[in-house]
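One structure below.
Number of protein chains: 2
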Amino acid sequence: MVTPVVDIHAHFFPRITRGQGAMLGSAGPWLRDDGDGTGQLMVGGDEYRPVEASLWDPAVRVAQMDVHGIDIQIVSATPLLFGYGTDPVVARSWARLVNDLALEMCDDYPDRLRPLCQVPLQDVDRACAEASRSVAAGHVGVHVGTQVSGRNLDDPELERFLHHCAEEGIPVLVHPWEPVGADRMSHHMLQWIVGMPAETHLAILSLILSGAFERLPRELRLCFAHGGGSFSAQLGRADNAWHRRDLVRADCPDPPSHYTDRFSVDSAVFDDDALRLLVSVMGSERVMLGSDTPFPLGEEHPGKLVRGSAFLDDRQRGTVLGGNAIQFFDL
Amino acid sequence: MVTPVVDIHAHFFPRITRGQGAMLGSAGPWLRDDGDGTGQLMVGGDEYRPVEASLWDPAVRVAQMDVHGIDIQIVSATPLLFGYGTDPVVARSWARLVNDLALEMCDDYPDRLRPLCQVPLQDVDRACAEASRSVAAGHVGVHVGTQVSGRNLDDPELERFLHHCAEEGIPVLVHPWEPVGADRMSHHMLQWIVGMPAETHLAILSLILSGAFERLPRELRLCFAHGGGSFSAQLGRADNAWHRRDLVRADCPDPPSHYTDRFSVDSAVFDDDALRLLVSVMGSERVMLGSDTPFPLGEEHPGKLVRGSAFLDDRQRGTVLGGNAIQFFDL
Chain S
1 MVTPVVDIHA
11 HFFPRITRGQ
21 GAMLGSAGPW
31 LRDDGDGTGQ
41 LMVGGDEYRP
51 VEASLWDPAV
61 RVAQMDVHGI
71 DIQIVSATPL
81 LFGYGTDPVV
91 ARSWARLVND
101 LALEMCDDYP
111 DRLRPLCQVP
121 LQDVDRACAE
131 ASRSVAAGHV
141 GVHVGTQVSG
151 RNLDDPELER
161 FLHHCAEEGI
171 PVLVHPWEPV
181 GADRMSHHML
191 QWIVGMPAET
201 HLAILSLILS
211 GAFERLPREL
221 RLCFAHGGGS
231 FSAQLGRADN
241 AWHRRDLVRA
251 DCPDPPSHYT
261 DRFSVDSAVF
271 DDDALRLLVS
281 VMGSERVMLG
291 SDTPFPLGEE
301 HPGKLVRGSA
311 FLDDRQRGTV
321 LGGNAIQFFD
331 L
Chain D
1001 MVTPVVDIHA
1011 HFFPRITRGQ
1021 GAMLGSAGPW
1031 LRDDGDGTGQ
1041 LMVGGDEYRP
1051 VEASLWDPAV
1061 RVAQMDVHGI
1071 DIQIVSATPL
1081 LFGYGTDPVV
1091 ARSWARLVND
1101 LALEMCDDYP
1111 DRLRPLCQVP
1121 LQDVDRACAE
1131 ASRSVAAGHV
1141 GVHVGTQVSG
1151 RNLDDPELER
1161 FLHHCAEEGI
1171 PVLVHPWEPV
1181 GADRMSHHML
1191 QWIVGMPAET
1201 HLAILSLILS
1211 GAFERLPREL
1221 RLCFAHGGGS
1231 FSAQLGRADN
1241 AWHRRDLVRA
1251 DCPDPPSHYT
1261 DRFSVDSAVF
1271 DDDALRLLVS
1281 VMGSERVMLG
1291 SDTPFPLGEE
1301 HPGKLVRGSA
1311 FLDDRQRGTV
1321 LGGNAIQFFD
1331 L
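Sequence order for the protein chains is S and D.
Heads up: the first sequence is residues 1 to 331, going by this note's numbering.
Heads up: the second sequence is residues 1001 to 1331, going by this note's numbering.
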């Protein structure tokens, strides 16, 4: 039997009305379906990003997956929907709305589309409850941002959420959110191009250098989007700093490279050399196909980079294309 | 004749007294020499970083170069000395002080130590004048930060400075300075480990995406520290974004990878896989040995990474170890 091809990083945006979006305030996110296969992500009355119907229409999405040879997509909401800045009670209702719409969207294609839930991470008790409720209802894991109101992943409350996921066996996909340095990146989408890889790099190193992996169970299934951002290419810099400065290693007993077996990354790095370095650093068993589709900054041809990478042997390629994801998400 | 080995990224901190440091205010930087081969970088009354005598003593420095097989060092002041936040008239006097002390430090070893000047970049007329004065006095180029008061390198005034350097044939080494995201990186030296590679990435892409390379003369000799930060490993992401979003390519007629022949980088990436990717992206003729010595986050054994990299052939290795630098700095 051939291993299915699984894309673990693919976004959706459910048909949220302007009225529903207003739960997050006057600039709440909603979807304007222009009826011609295109639409706009809206924030209040403003256009935020042009989008296409595959973002919300499961039939269009599955037809595109067929074109690209993707058997299963793990779908996660657009991070714009996280709602981490909202009152926790409202954010819980909001997460339930998004999560229930996600199940509904995947319902007609149970073998093709599997959703990740989102949670009100600003309130960890409610976040744990919503993660557990969602997984019981059919979600295959949880999708979280790299930070909440400027608190990195090593924040004790956020670490507590990761403990909950480890204990309950809930896989976690971490996506950059409100990336560092936005004040210096106001044009040319630099927040996405420069900010996001830095943000994810910060998330991983915050966990490592704070010693969080010494406390978190090894069973935690944790994956970082966009190949873990700049982490892999900068790992030599981090290791060198750890060896040479007491400040760096104060809370972390082993060099950063020691911890690469504690998390996975997706393959959305858009370049064969970068993918080669990623597989060299993480090992082929810790890289999973992720395309960031259907957003324009995702892969135009999901899976093409991994399929065409000459440095992977057939076993490694099968593992990256689907084998790892099947284990990670218990598919 | 064997090509000399040139380390193009090595810092010094001249014997600045507390009184001199006060030119930059009550937290002005100065050097406390503890007389036992160690000392402290001080900011006002506070210890900033423990340091060793090679930072200010040229005899100790040259002895260490002998140990590591480095023939020539291009030395640049610690970025802490930039003084970009100071009144321009004071900053000009400050730059003159630092630059004259640099010449004095290198004076006994004219074949081994060659200094880069610094300039009051907050005032581009004065910066141009100080760069020209310094080069006439013996400096082999200019060392600048990635930003001035939050203005990226594509700021029209900073671009004007680069035009001046191109016209006068002054090589420019760009070093990360006050990196993005400091508010999220208060511990474990994350500003150095995560912030600096992001800062340099931002500097390069700011120049590229703003179209600055379309306006700057091809003759400009520009080099970025720390292997250009996260630029090379994230170039696929930038190219993909350029191809797929009008916002990204609005001011830049070619994809980012088109511009890799317009600048060089140093080799301070601390990992063989990362160096391999760097050479693949930039070409061996655009990577120059840089160790970031003698700071602890620099190479412990300057040159060892490049010398030991099995993927470089002898010609490439010689080029990276010294040939490129001899051309770049007209040594």
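Where is the CB? At the ideal position from N, CA and C, for every residue including glycine.
These numbers were taken from a predicted model, which means no experiment stands behind them.
Subject >> Residues that DSSP places opposite Phe1012(D) in a beta bridge >> reply: Its beta-bridge partners are Ala1077(D).
Original post:
Residues in its own chain within less than 7 Å of Glu285(S) by CB, not counting five upstream and five downstream?
Top reply: The answer, listed in chain order, is Thr319 and Asn324.
Subject >> Proximal residues of chain D, C-beta to C-beta of Trp192(S) below 8 Å >> reply: Simply Ala1241.
**OP:** Note the first and the last residue of the continuous alpha helix (DSSP H) segment covering Gly1195(D).
**Re:** For Gly1195(D), there is no enclosing alpha helix (DSSP H), as DSSP marks it with neither H nor E.
Subject >> Interface partners of Phe270(S) on chain D, CB under 8 Å >> reply: Ordered by position in chain D, the residues that pass the 8 Å Cβ test against Phe270(S) are Gly1236, Arg1237, Asp1239 and Asn1240.
Original post:
Taking DSSP as the reference, what is the three-state secondary structure of Val135(S)?
Top reply: Three-state DSSP puts Val135(S) in a helix.
Subject >> Element boundaries [alpha helix (DSSP H), containing Phe328(S)] >> reply: Secondary structure note for Phe328(S): its alpha helix (DSSP H) is the uninterrupted segment Asn324 to Phe328.
Original post:
Between the C-alpha atoms of Asp1292(D) and Met1196(D), what's the straight-line distance to the nearest angstrom?
Top reply: Those two C-alpha atoms are separated by around 13 Å.
Original post:
Can you give the Cα-Cα distance for Gly1298(D) and Glu1157(D), rounded to whole angstroms?
Top reply: Rounded to the nearest whole angstrom, the C-alpha separation of Gly1298(D) and Glu1157(D) is 31 Å.
**OP:** Return the bridge partner residues of Cys1117(D) from the DSSP annotation.
**Re:** In DSSP, Cys1117(D) forms a bridge with Val1142(D).
Original post:
Who are the Cβ neighbours of Arg249(S) in its own chain at under 6 Å, not counting the five residues just before and after it?
Top reply: Cβ within range, chain order: Trp242.
Subject >> Any non-hydrogen atom of the ligand ADP within 7 Å of Gln1316(D) CB >> reply: Inclusion of the ligand ADP in the displayed structure is not the case, the ligand content being empty and no account of it being possible.
Subject >> Touching by the beta-carbon criterion (3+ pairs, under 8 Å), the segment 1177–1186 of chain D and the segment 1265–1273 of chain D >> reply: Short answer: they don't touch.
**OP:** Anything in the segment 150–170 of chain S with a Cβ closer than 8 Å to a Cβ of chain D? List those residues in chain order, please.
**Re:** Interface annotation for the segment 150–170 of chain S against chain D: Gly150 and Asn152, criterion Cβ-Cβ distance under 8 Å.
**OP:** Report the three-state DSSP secondary structure of Asp154(S) (helix, strand or coil).
**Re:** Shown here, Asp154(S) sits in coil according to DSSP, grouped into three states, outside any helix or strand.
Original post:
What span of residues does the alpha helix (DSSP H) with Arg61(S) cover, start to end?
Top reply: Here the alpha helix (DSSP H) through Arg61(S) covers Pro58 to His68.
Original post:
Less than 8 Å separating the beta-carbons of Ile1074(D) and Leu1116(D)?
Top reply: In this structure, Leu1116(D) lies closer than 8 Å to Ile1074(D) by Cβ.
**OP:** Please determine, among Asn152(S), Val172(S) and Pro29(S), the residue with the shortest C-alpha to C-alpha distance to Ala131(S).
**Re:** It is Val172(S) whose Cα lies nearest to the Cα of Ala131(S).
Original post:
Since Cys1223(D) sits in a beta bridge, which residues does DSSP pair it with?
Top reply: Under the DSSP definition of a beta bridge, Cys1223(D) partners with Leu1173(D) and Ser1264(D).
Original post:
Taking any Cβ of chain S, which residues in the segment 1004–1025 of chain D have a Cβ under 9 Å from it, in chain order?
Top reply: For the segment 1004–1025 of chain D, which is checked against every Cβ of chain S, not one residue is closer than 9 Å.
**OP:** Pick helix, strand or coil for Tyr259(S), following the three-state DSSP scheme.
**Re:** Helix at Tyr259(S).
**OP:** Could you check if Ala1063(D) is buried or exposed, using at least 16 other CB atoms within 10 Å of its CB as the buried criterion?
**Re:** With fewer than 16 other Cβ atoms from the protein chains shown falling within 10 Å of its own Cβ, Ala1063(D) counts as exposed.
Original post:
Residues of chain D with CB under 9 Å from Ser230(S), in chain order?
Top reply: Under the 9 Å cutoff, chain D gives Val1194, Pro1197, Ala1198, His1201, Gly1229, Ser1230, Ala1233 and Gln1234.
Subject >> Residues that Glu1300(D) contacts on chain S, provided the C-beta gap is smaller than 9 Å >> reply: Listed along chain S are Asn240, His243 and Arg244, each with a C-beta nearer than 9 Å to that of Glu1300(D).
**OP:** Could you tell me the distance, in whole angstroms, from the CA atom of Glu300(S) to the CA atom of Arg49(S)?
**Re:** When rounded, the distance between both Cα atoms is 17 Å.
Original post:
Taking all protein chains shown into account, do 16 or more other C-beta atoms lie within 10 angstroms of the C-beta of Ala310(S), making it buried, or fewer, making it exposed?
Top reply: With fewer than 16 neighbouring CB atoms inside 10 Å of its own CB, Ala310(S) falls in the exposed class.
**OP:** Report yes if the C-beta distance between Gly1177(D) and Thr1146(D) is below 8 Å; otherwise report no.
**Re:** Rather than Gly, the amino acid found at residue 1177(D) in this sequence is Trp. It is a contact, given that the beta carbons lie within the stated cut-off.
Subject >> Any C-beta of chain D under 8 Å from that of Ser280(S) >> reply: It does; some Cβ of chain D falls within 8 Å.
**OP:** Give the straight-line distance between the Cα atoms of Arg244(S) and Pro1296(D), rounded to the nearest whole angstrom.
**Re:** The C-alpha of Arg244(S) lies about 6 Å from the C-alpha of Pro1296(D).
Original post:
Counting pairs of beta carbons, one from the segment 1009–1018 of chain D and one from the segment 1098–1108 of chain D, are three or more of them closer than 8 Å?
Top reply: The segment 1009–1018 of chain D, when compared against the segment 1098–1108 of chain D, does touch it at the 8 Å Cβ threshold.
**OP:** Using a Cβ cut-off of 8 Å (strictly closer), state whether Val1248(D) contacts chain B.
**Re:** Protein chains S and D are contained in the structure displayed, whereas chain B is not.
Original post:
Counting only beta-carbon atoms, is His188(S) nearer than 8 Å to chain D?
Top reply: Cβ-Cβ to chain D under 8 Å: yes for His188(S).
Original post:
Counting only beta-carbon atoms, is Leu207(S) nearer than 8 Å to chain D?
Top reply: With 8 Å as the cut-off, Leu207(S) does not count as an interface residue toward chain D.
Original post:
Interface residues of chain D around Met288(S) at Cβ under 8 Å?
Top reply: Going along chain D, no residue has its Cβ under 8 Å from Met288(S), so there is no contact; the nearest lies around 18 Å.
Original post:
Applying a beta-carbon distance threshold of less than 9 Å, which residues of chain D neighbour Asp273(S)?
Top reply: Correct list: Ser1232, Ala1233, Leu1235, Gly1236, Arg1276, Leu1277, Ser1280 and Val1281.
Subject >> Three-state secondary structure assigned by DSSP to Gln1234(D) >> reply: When secondary structure is reduced to three states using DSSP, Gln1234(D) falls in the coil class, being assigned neither helix nor strand.
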